[in-house]
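Data first, discussion second: the structure below is written as structure tokens.
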């Protein structure tokens, strides 16, 4: 059974306050899908880290949020798209404490720990797409 | 950009975060607080996050930075009112906030600062 979709919602990430808007949109979806409060908080926190990465490292882009289902359970999927420099060394980028910027280096690795599914598609010179999913328990 | 207000109660500065923090607001708060501690000679800072729904690595780092800045002005910082879901998420994210003093609520936070303040005057 293919994933069900209620039509993804897309918003730009071009400025600091867009990160706040992404958080709010993801929270709305997480509440609609009736994720537990802890799972809502984890997903919104992961989205905040990833949206900031899109802005700072990717030079801006957009986020797409949708409700999904795998046939057994509902979930929320959020993806973060940029056309920035890409990530040359994925192992390094996903390691705790590593950062190419001024951050703590917890963005990618921390976000991955907070969600159920984490997919990273990156190409040097082309950009990065990070997709995360949290399923309802 | 929204700014977080800083209130002064005796020798303590109270910061109650009631907005959805964007990064610029976080940076502005750090600067405003440094300015205010320096100008008032406050001995303590309480950051009330009971209305804060998420703390990500940027916001979490702010607590540690504010605590370090306060220390340079001989002031102590206590973060109070963290929601349980936020605490669970922070730990999983990998942010331990070592070096940042916390208290369950505002009342206990003020009490801790009162005790620390007295110790300093003695």
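Protein chains in written order, with full-length UniProt numbering: chain A, 1 to 137; chain B, 1 to 122.
Glycine included, each C-beta is placed from N, C-alpha and C at the ideal position.
Given the structure is predicted, the values throughout are model-derived calculations rather than measurements.
Query	Result
Range of the contiguous beta strand (DSSP E) that encloses residue 83 (chain A)	No beta strand (DSSP E) contains residue 83 (chain A), which DSSP labels as neither H nor E.
Interface partners of residue 79 (chain B) on chain A, CB under 8 Å	Near residue 79 (chain B) there are no residues of chain A at all, since even the closest Cβ is about 17 Å away, more than 8 Å.
Stretch pair the region 118-130 of chain A + the region 11-20 of chain B: three plus CB contacts closer than 8 Å	no
Where residue 17 (chain A) falls: helix, strand or coil (DSSP)	helix
The region 60-70 of chain B contacting the region 17-25 of chain A, beta-carbon criterion three pairs below 8 Å	no
In chain order, each alpha helix (DSSP H) run of at least 4 residues that lies wholly inside the UniProt domain "STAS" (2-113) of chain B	23-40, 57-72 and 84-93
Backbone secondary structure at residue 33 (chain A) - three-state DSSP	coil
Interface positions of the region 17-42 of chain A facing chain B (Cβ-Cβ less than 8 Å), listed along the chain	17, 19, 20, 23, 24, 27, 37, 38, 40, 41 and 42
Three-state class that DSSP yields for residue 96 (chain A) in the structure shown	coil
Classification of residue 92 (chain A) by the beta-carbon crowding that lies within 10 angstroms, buried from 16 upward	exposed
Contacts that residue 114 (chain A) makes with chain B (C-beta to C-beta distance below 7 Å)	89, 92 and 93
Nearest neighbour of residue 133 (chain A), chosen from A:7, A:11, A:47 and A:12 [CA to CA]	A:47
Residues of the region 7-29 of chain B whose Cβ lies closer than 7 Å to any Cβ of chain A, in chain order	20, 22, 23 and 24
DSSP state of residue 107 (chain A) mapped onto helix, strand, coil	helix
Close beta carbons around residue 73 (chain A), own chain, < 6 Å, minus the five adjacent residues each side	135 and 136
Contacting residues, own chain, Cβ-Cβ under 8 Å from residue 100 (chain B) (five flanking each side not counted)	63, 64, 67, 77 and 79
Beta-carbon spacing of residue 122 (chain A), residue 131 (chain A) below 8 Å	no
Delimiting residues of the beta strand (DSSP E) encompassing residue 134 (chain A)	127-135
Minimum Cβ-Cβ distance from residue 110 (chain A) to chain B less than 8 Å	yes
Reference residue 106 (chain B), options B:2, B:8 and B:14, closest by Cα	B:14
Inter-residue Cα distance where the pair is residue 81 (chain A) and residue 71 (chain B)	40 Å
Neighbourhood of residue 27 (chain A) by C-beta, 6 Å cutoff - its chain only, sequence neighbours within 5 removed	44
Simplified DSSP state of residue 76 (chain A), which is helix, strand or coil	strand
Under 7 Å by beta carbon: chain B residues contacting residue 79 (chain A)	Ordered by position in chain B, no residue passes the 7 Å Cβ test against residue 79 (chain A), which lies about 18 Å from the chain.
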